[in-house]
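Chains as they are written, first to last, in the numbering used here: chain R, 2 to 158; chain B, 152 to 922. Below: one structure, written as structure tokens.
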Amino acid sequence: MAEPRDDQSATGTRELVSFAIGEQDFCMDIMLVREIRGWTNVTMLPHAPSYILGVINLRGAVVPIVDLASRLGLIPLEPTPRHVIIIAVLGDQTVGFLVSAVSDILGIAPSEIKPPPRMGSDATAGFIEGVIASDDRMLRILDIATVLPRIRLPEEA
Amino acid sequence: MSSLDEIKQMFFLECDELLEALNDGLADIEAHLPTTQGYDSEIVNAVFRNVHSIKGGAASFGLDAIVRFSHSFETVLDKMRSGQLAPDAESMRVLQRSADHLADLVAAGRAGDGSEGPLNDALVAQLARLAEGQGPADSGRIDHPGASDAGEDAPIGADELLQHADAEDLTFAPLALSTDPLDLPSPSRTRFSIELRPTAELFANGHEPLYLFRELAALGDLVVTADAGALPAFADLSAKRPYLGWRLDLLTERSEDDIREIFEFVETLAEIRIEADPAESTSEPEAGPGGPRPEGPEIDECSAAQASRGDIGSDQESTTAVPPVAIANDETLGSTSRPQSALADTAYRAQETPAVGALGDAKGGAKSPKSTVRVDLDLVDSLINIVGELVINQSVLTQSVSESHVANRADLGASLDEYKSLALQIQENVMSLRAQSVKQLFQRMARIVRETSEVAGKDVDFETEGEDTEIDKTVIERLIEPLTHILRNAIDHGLEATEARRGAGKSPTGTVRLSASHRSGRVLIEVADDGAGIDRRRVFDIAAGKGLVARDAQLSDGEIDRLLFLPGFSTKDQVTDLSGRGVGMDVVQSAIRKLGGRVSITSTPGRGTTFAISLPLTLAVLDGMVVDVAGQTMVVPITSVVETIRPDGEHVHRMGASAEVLNVRDSLVPIVDLGRAFRYRATGLGLTDLVLLLVETEQGERWALAVDRIIDQRQVVIKSLEGNYGHVPGVAAATILGDGKIALIIDPEETARIAERELAPLSPLVTANGD
Numbered sequence: 002m003a004e005p006r007d008d009q010s011a012t013g014t015r016e017l018v019s020f021a022i023g024e025q026d027f028c029m030d031i032m033l034v035r036e037i038r039g040w041t042n043v044t045m046l047p048h049a050p051s052y053i054l055g056v057i058n059l060r061g062a063v064v065p066i067v068d069l070a071s072r073l074g075l076i077p078l079e080p081t082p083r084h085v086i087i088i089a090v091l092g093d094q095t096v097g098f099l100v101s102a103v104s105d106i107l108g109i110a111p112s113e114i115k116p117p118p119r120m121g122s123d124a125t126a127g128f129i130e131g132v133i134a135s136d137d138r139m140l141r142i143l144d145i146a147t148v149l150p151r152i153r154l155p156e157e158a
Numbered sequence: 152m153s154s155l156d157e158i159k160q161m162f163f164l165e166c167d168e169l170l171e172a173l174n175d176g177l178a179d180i181e182a183h184l185p186t187t188q189g190y191d192s193e194i195v196n197a198v199f200r201n202v203h204s205i206k207g208g209a210a211s212f213g214l215d216a217i218v219r220f221s222h223s224f225e226t227v228l229d230k231m232r233s234g235q236l237a238p239d240a241e242s243m244r245v246l247q248r249s250a251d252h253l254a255d256l257v258a259a260g261r262a263g264d265g266s267e268g269p270l271n272d273a274l275v276a277q278l279a280r281l282a283e284g285q286g287p288a289d290s291g292r293i294d295h296p297g298a299s300d301a302g303e304d305a306p307i308g309a310d311e312l313l314q315h316a317d318a319e320d321l322t323f324a325p326l327a328l329s330t331d332p333l334d335l336p337s338p339s340r341t342r343f344s345i346e347l348r349p350t351a352e353l354f355a356n357g358h359e360p361l362y363l364f365r366e367l368a369a370l371g372d373l374v375v376t377a378d379a380g381a382l383p384a385f386a387d388l389s390a391k392r393p394y395l396g397w398r399l400d401l402l403t404e405r406s407e408d409d410i411r412e413i414f415e416f417v418e419t420l421a422e423i424r425i426e427a428d429p430a431e432s433t434s435e436p437e438a439g440p441g442g443p444r445p446e447g448p449e450i451d452e453c454s455a456a457q458a459s460r461g462d463i464g465s466d467q468e469s470t471t472a473v474p475p476v477a478i479a480n481d482e483t484l485g486s487t488s489r490p491q492s493a494l495a496d497t498a499y500r501a502q503e504t505p506a507v508g509a510l511g512d513a514k515g516g517a518k519s520p521k522s523t524v525r526v527d528l529d530l531v532d533s534l535i536n537i538v539g540e541l542v543i544n545q546s547v548l549t550q551s552v553s554e555s556h557v558a559n560r561a562d563l564g565a566s567l568d569e570y571k572s573l574a575l576q577i578q579e580n581v582m583s584l585r586a587q588s589v590k591q592l593f594q595r596m597a598r599i600v601r602e603t604s605e606v607a608g609k610d611v612d613f614e615t616e617g618e619d620t621e622i623d624k625t626v627i628e629r630l631i632e633p634l635t636h637i638l639r640n641a642i643d644h645g646l647e648a649t650e651a652r653r654g655a656g657k658s659p660t661g662t663v664r665l666s667a668s669h670r671s672g673r674v675l676i677e678v679a680d681d682g683a684g685i686d687r688r689r690v691f692d693i694a695a696g697k698g699l700v701a702r703d704a705q706l707s708d709g710e711i712d713r714l715l716f717l718p719g720f721s722t723k724d725q726v727t728d729l730s731g732r733g734v735g736m737d738v739v740q741s742a743i744r745k746l747g748g749r750v751s752i753t754s755t756p757g758r759g760t761t762f763a764i765s766l767p768l769t770l771a772v773l774d775g776m777v778v779d780v781a782g783q784t785m786v787v788p789i790t791s792v793v794e795t796i797r798p799d800g801e802h803v804h805r806m807g808a809s810a811e812v813l814n815v816r817d818s819l820v821p822i823v824d825l826g827r828a829f830r831y832r833a834t835g836l837g838l839t840d841l842v843l844l845l846v847e848t849e850q851g852e853r854w855a856l857a858v859d860r861i862i863d864q865r866q867v868v869i870k871s872l873e874g875n876y877g878h879v880p881g882v883a884a885a886t887i888l889g890d891g892k893i894a895l896i897i898d899p900e901e902t903a904r905i906a907e908r909e910l911a912p913l914s915p916l917v918t919a920n921g922d
């Protein structure tokens with residue numbers, strides 16, 4: 002990834018990919034998204050947290066798939082071929098996120114982004130970087146860095 | 152100037168090779184001790200040239216410490232090759248330490264921000280003593296053809312600029328004189344006289360006249376005369392301008408075009424004049440007193456590098472480098488050395504140049520050069536990755552073709568088979584790109600042994616075998632630390648003190664032997680000492696004292712030996728500088744395990760201890776048994792599978808609520824149901840429906856892994872899980888199967904340990920082994 006964010010810094014707008022998990026709308030920075038693909042069967046990983054569905058073969062690389070719903074504390078999705086995997090790259094880590102559907106690509110001015118409302122101890126709250134209220138919808142901007150599975154244990158193999 | 156950095160990098164890469172050759176040469180000389188005249192003078196020459204080349208390169212980058220040190224170093228070597236100093240054990244020790252120190256200086260220079268490692272003054276002093284003390288008087292020199300002089304007389308340090316340019320002469324004369332070509336009747340030859348006057352651009356573009364001369368020398372007999380007539384007074388000398396020109400006299404059977412071809416790339420960068428001199432064309436027998444050329448003392452090779460100094464990295468591998476001052480004062484330099492033989496004058500110069508050329512490969516004269524290219528390791532790795540995917544893609548394709556039933560066409564099947572074999576061939580070849588001989592590793596270890604034995608005050612004879620064995624480069628790099636540990640242990644703990652050895656009726660000099668060999672698809676590296684062997688009673692006492700093992704445990708000899716690998720175990724009563732911080736052998740074991748290898752110990756009291764490291768040839772593929780575990784396809788590394796068993800009821804015994812053991816020829820082996828261990832299913836299936844894989848660790852612990860079915864046995868490409876995810880307990884890595892699906896590669900030992908922990912909280916050491 003590591004593509005320059007020229008267009009953003011020039012215009013001040015952020016480009017976001019919006020997607021649905023169950024009934025709720027979320028979005029993430031488009032610069033993080035490498036590709037979007039349909040659901041394929043995963044290989045289960047033993048001893049993994051419940052939100053890790055398993056790993057898939059992405060052109061020779063082993064990529065873990067995170068059930069975002071489960072990660073955010075929502076009702077876990079039952080993956081079907083109609084579900085979508087968003088492949089995101091953060092630093093040197095490539096991870097796939099299972100979502101219900103990808104909806105749109107939005108250009109959002111920073112002024113439109115509001116800080117997340119205080120929701121106390123809600124499981125999702127910690128992963129939300131900001132919200133965008135537009136018309137009748139509310140978009141939650143995911144902070145991908147906190148959503149990423151923290152599996153890499155310091156302990157030795 | 153960024154290209155300077157590049158050249159500097161190249162210099163350091165060359166240094167590696169030169170240092171390797173240097174160590175080789177020294178070892179060679181040492182091997183020929185103590186017969187003072189037995190060693191091949193060419194070996195000494197080669198060693199000298201190695202040091203000289205490093206010095207030359209270092210000088211052009213202003214690495215003064217290296218220059219200064221290698222100067223002292225080569226002074227001694229020079230005495231040696233001229234026969235004034237006979238190598239003995241003592242001087243060889245100094246030389247080897249010097250080689251080590253030179254390697255340090257080079258490493259410091261490479262890492263350096265300009266600063267260099269401290270010069271080892273004591274070593275310099277020792278070298279100086281060798282150079283002065285043991286050489287015969289100056290007058291004796293004349294009797295030695297090829298004796299060099301002048302160079303070592305130049306003061307060091309007085310003038311840094313001149314220092315590296317002291318008049319080292321290339322005295323390969325003895326070799327040259329004896330070569331055959333001189334005696335062969337030559338076909339018709341033409342004498343060409345060539346004039347070369349380079350412009351500054353030639354050097355700015357990185358050309359080096361010396362190389363041109365070498366190429367010319369390969370065509371025939373070459374005499375090079377430097378024309379220093381254009382040199383200004385020293386005060387007016389500009390470092391960036393070339394002042395030297397050369398007259399070259401070439402007697403060859405080749406045509407003028409062949410000669411022009413050599414100058415092809417510098418045509419526009421230098422004045423070049425080539426003239427054939429038909430009068431001199433002859434088919435003369437070359438040799439003969441007086442020779443055809445009367446130039447005699449006027450001829451000299453003047454380092455091409457000399458002219459280029461200040462511009463680019465100069466190559467001072469060879470030839471005379473004469474102080475500019477001297478040139479300015481005396482245009483017709485007396486050659487600094489003169490072979491005394493009648494054959495000498497004309498013949499030897501032409502011959503020495505090819506000898507120099509052979510050096511380019513840094514192997515010294517004796518071995519025939521193997522042509523190589525240097526490739527960025529990242530490039531090789533990315534190639535390996537791509538090829539890995541090609542192989543996967545091939546099997547995906549084959550599988551989908553066979554599923555789509557278009558494959559009734561024989562030609563398609565044949566093409567696919569060919570594709571497969573090509574893909575595998577490419578993979579094999581690409582993998583071998585990463586393979587490297589263990590030679591450098593062994594040389595490094597030789598140094599460790601030298602240093603350790605010195606500190607430990609033990610005489611050690613270090614033997615190596617199988618230096619040409621090739622292993623993956625990464626494996627070699629990661630072997631440095633464990634091998635260092637093992638060798639230090641072997642010397643510090645393994646070998647007895649000299650007195651004790653005498654008492655035991657052994658030679659006072661201990662032997663440590665490092666060997667490498669290929670054995671059935673793996674690499675076996677062994678470190679053997681002829682020391683006292685492992686004192687098992689003490690080992691057990693210490694382990695028990697530290698609570699690592701129960702006092703009343705009954706352990707076999709092998710099990711006691713393996714206690715050494717336990718974390719926190721250290722046998723030496725006092726902690727020494729060398730080993731014994733208690734982080735020794737367990738670190739070794741985990742390092743080797745990470746490489747997919749195994750360590751084992753065998754020890755005979757009074758006879759010595761052997762550590763055997765068995766390693767996979769490559770880190771990229773492994774031979775695996777593909778199995779079905781509760782619907783998931785998994786891979787078990789075949790190296791750990793001892794046998795497969797289809798159990799029947801009478802050999803399986805229940806222990807407690809859920810644990811089961813298998814009776815294998817009267818030894819009880821715990822059964823680990825992989826489906827349950829990985830939580831793929833909640834309850835165990837009836838064991839008679841399963842297949843058991845008997846696996847064994849390097850400690851000899853055994854488990855029976857229960858799987859649903861064995862699917863296949865094949866080579867799989869190892870894909871890391873750690874990069875995108877992290878470590879999965881019980882899983883070593885992943886691979887991609889023929890259908891494009893990912894399968895996990897099981898780490899049998901870890902899996903079993905996890906299962907063991909969950910099932911039965913027993914003290915593992917006491918219960919792990921059932922014999």
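No residue lacks a Cβ here, since even glycine has one placed at the ideal position from N, Cα and C.
If I'm right that residue i touches residue j with Cβ under 8 Å, what's the distance once you round it to whole angstroms?
| i | j | result |
| --- | --- | --- |
| A282(B) | L170(B) | The pair is not a contact, with the Cβ atoms about 21 Å apart (cut-off 8 Å). |
| L685(B) | D712(B) | The amino acid occupying residue 685(B) in the given sequence is Ile; Leu does not appear at that position. Correct: roughly 6 Å between the Cβ atoms. |
| R398(B) | E346(B) | 6 Å |
| E647(B) | A655(B) | 7 Å |
Could you tell me the boundaries of the alpha helix (DSSP H) in which residue i lies?
| i | result |
| --- | --- |
| L534(B) | 528-555 |
| Q235(B) | Element bounds for Q235(B): n/a, residue is neither H nor E. |
| Q587(B) | Run containing Q587(B): none in the alpha helix (DSSP H); it sits in the beta strand (DSSP E), 586-588. |
| A146(R) | 145-148 |
| I764(B) | Not the alpha helix (DSSP H): I764(B) falls in the beta strand (DSSP E), residues 759-767. |
Can you tell me whether residue i is buried or exposed, with buried defined as 16 or more other CB within 10 angstroms of its CB?
| i | result |
| --- | --- |
| E319(B) | Residue confidence for E319(B) is low, a pLDDT of 42 falling below 50, so the modelled location carries little weight; the figure read from the coordinates is stated next. Per the 10 Å Cβ criterion, buried. |
| P633(B) | buried |
| I76(R) | exposed |
| M139(R) | exposed |
| R525(B) | exposed |
| E569(B) | exposed |
| R908(B) | exposed |
| L333(B) | With a pLDDT of 42 at L333(B), under the threshold of 50, the predicted position of this residue should be treated as unreliable, though the coordinate-derived value follows. L333(B) should be labelled buried. |
| P269(B) | exposed |
In terms of residues, what are the limits of the beta strand (DSSP E) holding residue i?
| i | result |
| --- | --- |
| G108(R) | 102-109 |
| T341(B) | 340-349 |
| T403(B) | 396-403 |
| V823(B) | 818-824 |
Cβ of residue i within 8 Å of Cβ of residue j?
| i | j | result |
| --- | --- | --- |
| I693(B) | F720(B) | yes |
| V195(B) | L228(B) | yes |
| L91(R) | I145(R) | yes |
| G775(B) | V867(B) | yes |
| A21(R) | S104(R) | yes |
Taking 8 Å as the CB-CB limit, is residue i close to chain C?
| i | result |
| --- | --- |
| G61(R) | The displayed structure is made up of protein chains R and B, and chain C is not among them. |
Roughly how many angstroms separate the alpha carbons of residue i and residue j, rounded to a whole number?
| i | j | result |
| --- | --- | --- |
| E901(B) | L59(R) | 27 Å |
| R744(B) | H48(R) | 22 Å |
| V787(B) | P116(R) | 50 Å |
| V245(B) | A379(B) | 40 Å |
| M45(R) | V56(R) | 7 Å |
| V148(R) | L33(R) | 13 Å |
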